[in-house]
Every structure is written in structure tokens, then in C-alpha cells.
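In the numbering used here, the protein residues as written are 59 to 283.
Note that beta-carbon positions come from the ideal geometry of N, C-alpha and C, so glycine has one too.
These numbers come from a predicted model, not from an experiment.
Structure first, commentary second.
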């Protein structure tokens, strides 16, 4: 006894016709007849009165609710298996990289793998490294090499490079030219503020400039697109 036989039996019971059942199941009438003969031989009883109109025998009426329960159970099992195939991936990322780097890649991933749920955790460099170390996330996007002395067992899968801009006044920029060397920069700019963007948030960086009595506009993310 297989599901094709049970499904065909139920279809005939509804349509009262082998021909209509064959059309709706997209099989030949010969296939329908063969399935029903095999099912009746297996059960050892006739299931139909075969005449101008197909009707169920008493044995067919007895078997019908069991057949429909088998079909329902098979559908429930199929749905349960489909749900069990759903996966979950946790990703940690620096906040400045979520919009320009993670969002577009995530959309492509979910189009390809719609049954996988992806959870994004935003954090600072040390927070992402700690979440990776403690296996709270499977993938982390952070600055490399990792400088946290307490987390030493991380392995990079992909290393990308980010350009770091030099921000000076227009007057100094004119003096330095388009491609200055670092020694030329240090001669003209004795004090440099190097901001590790992977460790600070924009509001903290702004606070540094306010203390220096200058103003600066900071983008919410890196320039990479």
C-alpha cells in the first residue's frame, strides 16, 4: 500500500469516476485502474461497485476515513520535515559595516536560502570577538588582526582592506598635495588624532573633536559601496 494508491482511492471516492480521477491526478485511466486493483488485492476486499456510476462498497466506506487519515498524516509529516530543514545563522558585525557591507549580502543570501533565518548582532570590536569566542555567533565581521589579548583562537576566513583617510584643513591639504608621504604629513601636522573606527561610535569621536575646539562631520558608515 502506497500513498499514490490511497490518494487515487480518495479521489475516486470524491469524483465517483475513474476517468475524472485520472484527469485530476494527471495520470492515465489505466494507471488508476491498476492502482485500485493492487489496493483491493492487498486489502482482500472490493472497494467499489463498478457500473455506470462508481460507488463505494461497504468495505470501501469503512476504509475511506482511514485512508484520509493516512493522507493527512503524510502531509503533516511532510510539513514537519520541511520545518526541520529551517536553519539559523547568527552573525556579529561592527555597526559601521551593517548597512554598507552586510545588508546587501544578506538579501542575496536569503533569496538563495529562504529557509535559513539570519540574526544580526551589532557590537564593538571586543564584543564581536567575545561572542565568537563564546560561540554565541557563527560568523563575525570585525577589524583584523584582532588585538584583544584575551581572545586568541580566531581564524579569518576572508580579509578585506579599508582605506583610512587623512583629514586636515584646506590650507594644509594644499601644502601636502594629492599624494603626501607620511614624513611630510608629520612635518606639517605635528599632532595627529588616529581614531580606531572599529572601537568607537560616531558620538564618541565627535566628543574628541569638541574637546579640541574643532568641528567635523562623520558619516554613519564607511565609504565602501
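*asked:* Using DSSP's beta-bridge definition, name the partner residues of residue 162.
replied: Paired residues: none, contrary to the question.
*Distance, residue 128 Cα to residue 94 Cα*: 16 Å
*Indicate the three-state DSSP secondary structure (helix, strand or coil) for residue 61 in the structure shown.*
helix
*Answer with buried or exposed for residue 119, where buried requires no fewer than 16 other C-beta atoms within 10 angstroms of its C-beta.*
exposed
_Neighbour-count burial assignment, residue 197, 16 or more Cβ in a 10 Å radius_ = exposed
*Could you tell me which residues DSSP puts in a beta bridge with residue 146?*
175
*Report all residues from its chain with a CB closer than 6 Å to the CB of residue 63; omit the five preceding and five following residues, and keep chain order.*
93 and 97
*According to DSSP, is residue 134 helix, strand or coil?*
helix
*On the DSSP bridge assignment, give the partners of residue 199 in chain order.*
151
*Roughly how many angstroms separate the alpha carbons of residue 78 and residue 190, rounded to a whole number?*
60 Å
*Give the range of the alpha helix (DSSP H) segment to which residue 237 is assigned.*
Taken as a continuous stretch (DSSP letters only), residue 237 belongs to no alpha helix (DSSP H), as it is neither H nor E.
_Contact set for residue 199: own chain, Cβ-Cβ below 8 Å, skip 5 residues either direction_ = 149, 150, 151, 152, 155, 159, 160 and 186
*Below 8 Å between beta carbons: does that hold for residue 165 and residue 176?*
no
*State the DSSP-derived secondary structure class of residue 156, mapped to helix, strand or coil.*
helix
*Helix, strand or coil: how does DSSP classify residue 91 here?*
helix
*Three-state secondary structure (DSSP) at residue 213?*
coil
*asked:* Measuring alpha carbon to alpha carbon, tell me which residue in 147, 181 and 226 is nearest residue 174.
replied: 147
*Along the chain, where does the alpha helix (DSSP H) that runs through residue 224 open and close?*
Per DSSP, residue 224 belongs to no alpha helix (DSSP H) and is neither H nor E.
*Is DSSP giving residue 70 helix, strand or coil here?*
helix
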